[in-house]
Amino acid sequence: MMSEITNEKVRCLIIGSGPAGYTAAIYASRANLSPVLYEGMQPGGQLTTTTDIENFPGYPEGIGGYEMMEDLKKQAMRFGADIRIGVATAADLSAAPYRITIDGEKVMETDTLIISTGATAKYLGLADEQKYAGMGVSACATCDGFFYRKKTVAVVGGGDTACEEALYLSSLASLVYLIARKPYLRASKVMQERVMKTPNIKVMFEHNTLGLFGENGVEGAHLVYRMGEEDEQQVDIAIDGFFLAIGHTPNSGIFSEWVKTDEVGYILTIPGTPRTNVPGVFAAGDVADPHYRQAITAAGTGCMAAIEAERYLLEKGL
Ligand code: NDP
1098 MMSEITNEKV RCLIIGSGPA GYTAAIYASR ANLSPVLYEG MQPGGQLTTT
1148 TDIENFPGYP EGIGGYEMME DLKKQAMRFG ADIRIGVATA ADLSAAPYRI
1198 TIDGEKVMET DTLIISTGAT AKYLGLADEQ KYAGMGVSAC ATCDGFFYRK
1248 KTVAVVGGGD TACEEALYLS SLASLVYLIA RKPYLRASKV MQERVMKTPN
1298 IKVMFEHNTL GLFGENGVEG AHLVYRMGEE DEQQVDIAID GFFLAIGHTP
1348 NSGIFSEWVK TDEVGYILTI PGTPRTNVPG VFAAGDVADP HYRQAITAAG
1398 TGCMAAIEAE RYLLEKGL
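If you read the sequence shown in this note's numbering, its first letter stands for residue 1098, the second for the next number, and so on.
Structure below.
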């Protein structure tokens, strides 16, 4: 049986519930835009999968990722934001009011749209990545690197992110393995040079990861050298932390027919603003940010998007 379509019209619709979405909801509700926010597949976003956040200003003792997102949500609700469970499954941004389908059945019409759907870190797809999630496996060195001071870690990847993460970790950990599947790094020359000049980064070219091992957390990784070649060789390394840096996928798919993105899918905004090429549609947080990807920068752009939405509605007399 076909589900009944219910239309509802709002002035400000926010899709996504990480720091960008919740911050946009705080600002939009305080500006009387009566925002409705749909939380998406992972309420609270990527931060709910990390342990403590120690670099968000204002928390001298740090705060749990999940707890922080709950606090942001409560703060938005205190000012009247309507926060709902639901996933945006389709979008029609061809003309205002814009139409967003939720869970494949309900259509929301909105004058302004804030896209804060985040990005998803890519994983290798090993069962051990799940097994050791939060127990030594991480996709964010800036978030979790601090816990590996004077320890040994591995970073997987050969791009700029992997080099950046390896360099960051090299200032904390005693030894960093950089595991690259090719005989060269894809990263920019300058990043490669920095990596090569850092004495406690050991680049393991032509290595793939088969699995992880450890009793109460990651204690090592099973690697294979020159996989599929005649001289293929199994190599085990002892590590305390395993960092993925093989890229992120921005969650922009349903909007990309209308809003401009780069070749990877990151939404392009007018520099210094969260404005997209579609008037009244704004992008905030990691879905539009291949560079910084921090909770604080996401929150900052969420704030900017709500202020832009308010100004847009005022200008249009809506
Ligand atoms: P990239 O797509 O550039 O690199 C991904 C890396 O992960 C590649 O080396 C790739 O290997 C490797 N990889 C992918 N899948 C696997 C797999 N299954 N197993 C093993 N390795 C795998 O992503 P980045 O996140 O590094 O960078 C994204 C963009 O952001 C780039 O344009 C980059 O230049 C930019 N950036 C710039 C920075 C700066 O300028 N400071 C910092 C960070 C990012 P392979 O090479 O074999 O394909």
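Don't be surprised by glycine CBs; every beta carbon is placed ideally from N, CA and C.
Listed in chain order, the alpha helix (DSSP H) runs fully inside the region 1221 to 1293 are 1224 to 1228, 1238 to 1241 and 1257 to 1267, counting runs of at least 4 residues.
Residue pairing from DSSP places cysteine 1109 in a beta bridge opposite Thr1209. Beta-carbon to beta-carbon, leucine 1264 and arginine 1291 are separated by about 6 Å, close enough to satisfy the 8 Å threshold. In this structure threonine 1186 is exposed. Its beta-carbon is surrounded by fewer than 16 other beta-carbon atoms within 10 angstroms. With fewer than 16 other Cβ atoms from the protein chains shown falling within 10 Å of its own Cβ, aspartate 1200 counts as exposed. Closest in C-alpha terms to valine 1361, from the list Pro1387, Val1378, Phe1153 and Gly1317, comes Pro1387. Contact between the region 1302 to 1319 and the region 1212 to 1226 is established, with three or more Cβ pairs separated by less than 8 Å. By the criterion of at least three beta-carbon pairs nearer than 8 Å, the region 1108 to 1115 is in contact with the region 1126 to 1146. Between the beta-carbon of leucine 1275 and that of valine 1300 there is about 5 Å, and that keeps the pair under the 8 Å contact cut. Short of 6 Å from the beta carbon of proline 1347, and not among the five residues preceding or following it, lie these beta carbons of its own chain, in chain order: Ala1216, Gly1362, Tyr1363 and Val1384.
With contacts defined by Cβ atoms closer than 9 Å, tyrosine 1119 and glycine 1399 form a contacting pair.
For arginine 1372 and aspartate 1241, the gap between their C-alpha atoms comes out near 31 Å. Counting of Cβ neighbours within 10 angstroms places arginine 1246 among the exposed residues, the total staying below 16.
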